[in-house]
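Written below as structure tokens is the structure these notes are about.
Residue numbers (the working numbering): 8 to 277.
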């Protein structure tokens with residue numbers, strides 16, 4: 008039975024270290040060039056950073072602002088590096104959508120400073136039938152010391168379909184988290200992975216500014232929920248595993264507490 012090359016590539020990426028996804032995608036594209044477009048559209052990788060030569064501001068790159076080997080800046084609405092044949096209409100938002108894109112970038116620049124205290128944000132909108140779509144990108148990288156580092160990349164892709172005084176929003180959010188540290192005594196530790204969540208919601212709309220506020224609320228709520236999941240579920244589980252490997256209190260005390268707990272549960276059941 009033959010295996011589809013694209014499915015095989017995705018299956019391989021799922022088995023490799025999430026920290027090296029960007030490098031592995033590039034290698035797969037070099038190995039099988041026919042899969043390049045499908046892989047770039049389907050696989051979420053840590054966001055790359057470019058600088059807008061016109062404004063001097065940094066912006067984030069993804070498949071939604073890409074045209075070949077150039078990326079559109081949300082600040083100047085121009086491509087970096089410039090396209091040889093000029094800007095193509097197929098990837099440029101209409102005037103109405105571009106105005107909303109500018110407002111959204113201003114709003115999420117404030118959001119980024121409030122919640123991340125640094126980092127980079129970029130918002131891109133484009134036209135679709137019966138409405139518009141867009142993506143909100145946020146990235147922050149830190150290196151507290153020479154032997155520890157971390158990065159947070161969030162990619163929020165949405166569609167907004169206009170209805171009578173309301174709009175239907177469909178949001179797909181991805182968070183890519185990379186944490187690493189090393190020491191001479193313990194060696195290296197790498198904690199990397201991603202999380203994907205979706206939500207659909209109808210919200211009231213009075214004018215174009217309402218869309219920016221609605222998208223901002225959806226992204227804010229989703230990021231809060233995903234951060235809590237990462238902290239409570241994933242890091243909580245890692246803490247439990249470490250606790251099972253090496254207890255802070257002597258094992259004799261821990262075993263005594265567990266025995267008392269089991270005795271109490273047994274007494275309650277009777």
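In this text, a Cβ means the ideal position worked out from N, Cα and C, and glycines have one as well.
A check of alpha carbon separations from residue 90 across 251, 182, 78, 101 identifies 78 as the nearest. According to the DSSP assignment, residue 151 belongs to the beta strand (DSSP E) that extends over 138 to 152.
The alpha carbon of residue 115 has as its nearest neighbour, out of 143, 135, 273, the alpha carbon of 143. Looking at the DSSP output, residue 159 shares a beta bridge with 147, 184.
Between residue 10 and residue 21, the alpha-carbon positions lie close to 16 Å from each other. Annotated as distal: residue 16 and residue 47, with beta-carbon spacing of 7 Å or more. Collapsing the DSSP output to three states places residue 206 in a strand.
Pairing residue 131 with residue 239, the inter-Cα distance amounts to about 31 Å. Note on residue 196: under 16 other CB atoms within 10 angstroms of its CB, so exposed under the neighbour-count rule. Two segments are said to touch when three or more pairs of C-beta atoms, one from each, lie closer than 8 Å; by this definition the region 104 to 111 does not touch the region 179 to 187. Contact between residue 65 and residue 127 is confirmed by a C-beta separation of about 5 Å, below the 8 Å threshold.
Residue pairing by DSSP places residue 58 opposite 65 in a beta bridge. Taking C-alpha positions only, residue 129 is separated from residue 113 by approximately 9 Å. The C-alpha of residue 187 is placed about 11 Å away from the C-alpha of residue 152. Here the C-alpha atom of residue 235 lies approximately 18 Å from the C-alpha atom of residue 147. If you check the CB distance, residue 134 and residue 101 come in under 7 Å.
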